[in-house]
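Everything on this sheet refers to the single structure shown next.
Number of protein chains: 2
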Amino acid sequence: METKLKIGSYSFAAEPFHCDFKHRLFLGHLCNALLNAADYHSSERGYGMSYLNTMHKTWVLSRLAIKVKRLPKAKEQFVVNTWIDDVMRMFTSRNFTVDVNEDEIVSCKTVWAMIDTTTRRPVNIAEVNNGLIVNYIDKEKPCSASIPDRISLGIDASMQRQLQMEYSDADVNGHVNSVKLIDHVLDLFDISWHRQHAIDEFDIFYKTESHPGDVLSFYKEQTADNEWNVRVERPTDKGFVEVCRCRIVARRE
Amino acid sequence: METKLKIGSYSFAAEPFHCDFKHRLFLGHLCNALLNAADYHSSERGYGMSYLNTMHKTWVLSRLAIKVKRLPKAKEQFVVNTWIDDVMRMFTSRNFTVDVNEDEIVSCKTVWAMIDTTTRRPVNIAEVNNGLIVNYIDKEKPCSASIPDRISLGIDASMQRQLQMEYSDADVNGHVNSVKLIDHVLDLFDISWHRQHAIDEFDIFYKTESHPGDVLSFYKEQTADNEWNVRVERPTDKGFVEVCRCRIVARRE
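Just so you know, the sequences run in chain order G and U.
Throughout the first sequence, residue numbering follows our numbering, covering 100 to 352 in sequence.
Throughout the second sequence, residue numbering follows our numbering, covering 100 to 352 in sequence.
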């Protein structure tokens, strides 16, 4: 086994065409960088998507919680650090920090399941590569993001938008891309809201997969002065199932 | 004046989360890389967006024609070469090639106007930086893409979709991002079309700017066995104006 550091660090640039009208990297593009870093890190350690696909397995992102001090500015270079901080039977916990000039500006915590791509059922992570993944666990490095126990929406949540998923929403597996869902959720807030707010925290729980052609319904509820919850549903033969739910905490600026 | 090569070359990677279900870089993401390369190239030569903004000027993309041999595959490294091949009074012509291991896989031709950001009127490019831009013109390097004289849509073009532009559609200037329009146009073709086709050529003429909140109407017409034209409109006080029109040539695969 090639010896690898537990923490992987990858450099990215906040490219101008990935930045919003405040000249800051879109949160979705930042999450893309996090997921790409996760794929590089796991590939280098024998647990990458491409390798797993050869044995009909893949990683599925289950939960993501991000805490933002500030977002990278246009043209700024940033480093994504990522490491595994826990491996349970069916789930792996992966952390991230984002640094600009060694100053931490973002932290993020994620939970991933490994599934069998034919049965779509979770598989025991210890059965892959003789469970070598546990050698990479780092419980020491701190991560200030935390995943909430639950995200609750009451009966006051109102439907804001229905949107058909298309070709550009699908990822390499043909499912709606986890990050495109984040983009669509943030689009429920109009441009004047974005002008007046900056996102402090964004949490998302992924529930079921959706596909191009699905018409998603987006429900939103304001739960505190600076907090909103969102639920996304898709139709099935028997009614609706939840695709994801989110919690957004923003500050005035 | 610092001496710079006429042709700038910039490396990018086809990150897995920027690839479609065929594991190829989305055309929109490729165009993002082209536009980022254009900004790096022009910034290094004293004509970048950031510098122009200080004098209330900016570049506006007017036409883009791309010719695709193949798209970069997931995780593939690619190099974008870009250079100015002509400067007219109000317009600049910029070319691109995309290489993988020195094999050219994509070529692209663009036309840009420089405008005054307060009046929104074109400005004479020669008046900026003493017209030094002409020193960078390279008419030698070949570029196989070509911009069509016109893109015509007949009365048979039918409305395919109406879509409200949102926060994630806006660029650093607050206008709908040129590349997001390309994504939305390619979304007019459903997933089974994308499964059976690969894009050979994509041409887009940008006509007027649009903004978050605008509801765009997308009209599509098949003009030959392997060719489709698209027109995008937005409402105004006096009816509709054209936002852009496109021509798509695809091959079966």
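The C-beta atom is built at its ideal place from N, Cα and C for all residues, glycine as well.
Just so we're clear, the structure is a prediction, and the values are computed from it rather than from any experiment.
Buried/exposed call for residue i, threshold 16 Cβ in 10 Å
i              : result
A323 (chain G) : exposed
R294 (chain U) : exposed
M187 (chain U) : exposed
K168 (chain U) : exposed
F339 (chain U) : exposed
G230 (chain U) : exposed
N152 (chain U) : exposed
G107 (chain U) : buried
D286 (chain G) : buried
S110 (chain U) : exposed
R344 (chain G) : buried
K279 (chain G) : buried
I254 (chain U) : exposed
N194 (chain G) : buried
T157 (chain U) : buried
E104 (chain G) : According to the sequence displayed, residue 104 (chain G) carries Leu and not Glu. Its Cβ having fewer than 16 others within 10 Å, L104 (chain G) is exposed.
V284 (chain U) : buried
N276 (chain G) : buried
M100 (chain G) : Because M100 (chain G) carries a pLDDT of 42, less than 50, the predicted location of this residue cannot be relied on, and the following value inherits that uncertainty. With fewer than 16 Cβ atoms within 10 Å of its Cβ, M100 (chain G) is classed as exposed.
T335 (chain G) : exposed
8 Å Cβ cutoff met for residue i and residue j
i              : j              : result
W327 (chain G) : K319 (chain G) : yes
P115 (chain G) : V271 (chain U) : yes
T217 (chain G) : H155 (chain G) : yes
D184 (chain U) : S192 (chain U) : yes
I246 (chain U) : A164 (chain U) : yes
K166 (chain G) : S243 (chain G) : yes
P281 (chain G) : C130 (chain G) : Note that residue 281 (chain G) is Ile in the sequence shown, not Pro. It is a contact, given that the beta carbons lie within the stated cut-off.
A256 (chain G) : I298 (chain G) : no
V342 (chain G) : E352 (chain G) : no
R260 (chain G) : F301 (chain G) : no
R162 (chain U) : L252 (chain U) : no
D119 (chain U) : A269 (chain G) : yes
V179 (chain U) : V199 (chain U) : no
P241 (chain G) : M189 (chain G) : no
W182 (chain U) : D248 (chain U) : no
F304 (chain G) : I250 (chain G) : yes
H274 (chain G) : E226 (chain G) : no
Beta-ladder partner(s) of residue i, from DSSP
i              : result
M213 (chain G) : G:W158
R346 (chain U) : U:D302 and U:N328
Q263 (chain U) : U:V314
W182 (chain U) : U:N194
M258 (chain U) : U:Y318
S108 (chain U) : U:N180
I232 (chain G) : The partner list for I232 (chain G) (beta bridge, DSSP) is empty, contrary to what the question assumes.
F339 (chain U) : U:P334
R351 (chain U) : U:H296
L252 (chain U) : For L252 (chain U), which the question treats as bridged, DSSP gives no partner whatsoever.
I165 (chain U) : U:C207 and U:F301
K172 (chain U) : U:R123
C118 (chain G) : G:L124
P221 (chain G) : G:I214
D202 (chain G) : G:V199
A136 (chain G) : Answer is none; A136 (chain G) lacks a bridge partner.
A323 (chain U) : U:E326
A113 (chain U) : A113 (chain U) is not bridged to any residue.
V275 (chain U) : U:A269
The ligand MN heavy atom lying under 7 Å from the CB of residue i
i              : result
L134 (chain G) : With respect to the ligand MN, the structure shown offers nothing to examine, as it has no ligands at all.
Inset, instruction - Inspect the CB distances between the stretch 203-213 of chain U and the stretch 263-274 of chain U and report whether three or more fall short of 8 Å. - result: Short answer: they don't touch.
Inset, instruction - Please determine if the stretch 114-128 of chain G and the stretch 209-228 of chain G are in contact, where contact requires at least 3 C-beta pairs separated by less than 8 Å. - result: Per the Cβ contact rule, the stretch 114-128 of chain G is not in contact with the stretch 209-228 of chain G (fewer than 3 Cβ pairs under 8 Å).
Legend entry - Segment contact flag, the stretch 102-122 of chain U with the stretch 129-145 of chain G, C-beta cutoff 8 Å, min 3 pairs: Inter-segment contact for the stretch 102-122 of chain U and the stretch 129-145 of chain G is present: three or more beta-carbon pairs are separated by less than 8 Å.
Inset, instruction - Would you be able to state if there are at least three C-beta pairs under 8 Å between the stretch 144-152 of chain G and the stretch 280-297 of chain G? - result: Contact between the stretch 280-297 of chain G and the stretch 144-152 of chain G is absent: fewer than 3 CB-CB pairs across the two stretches fall below 8 Å.
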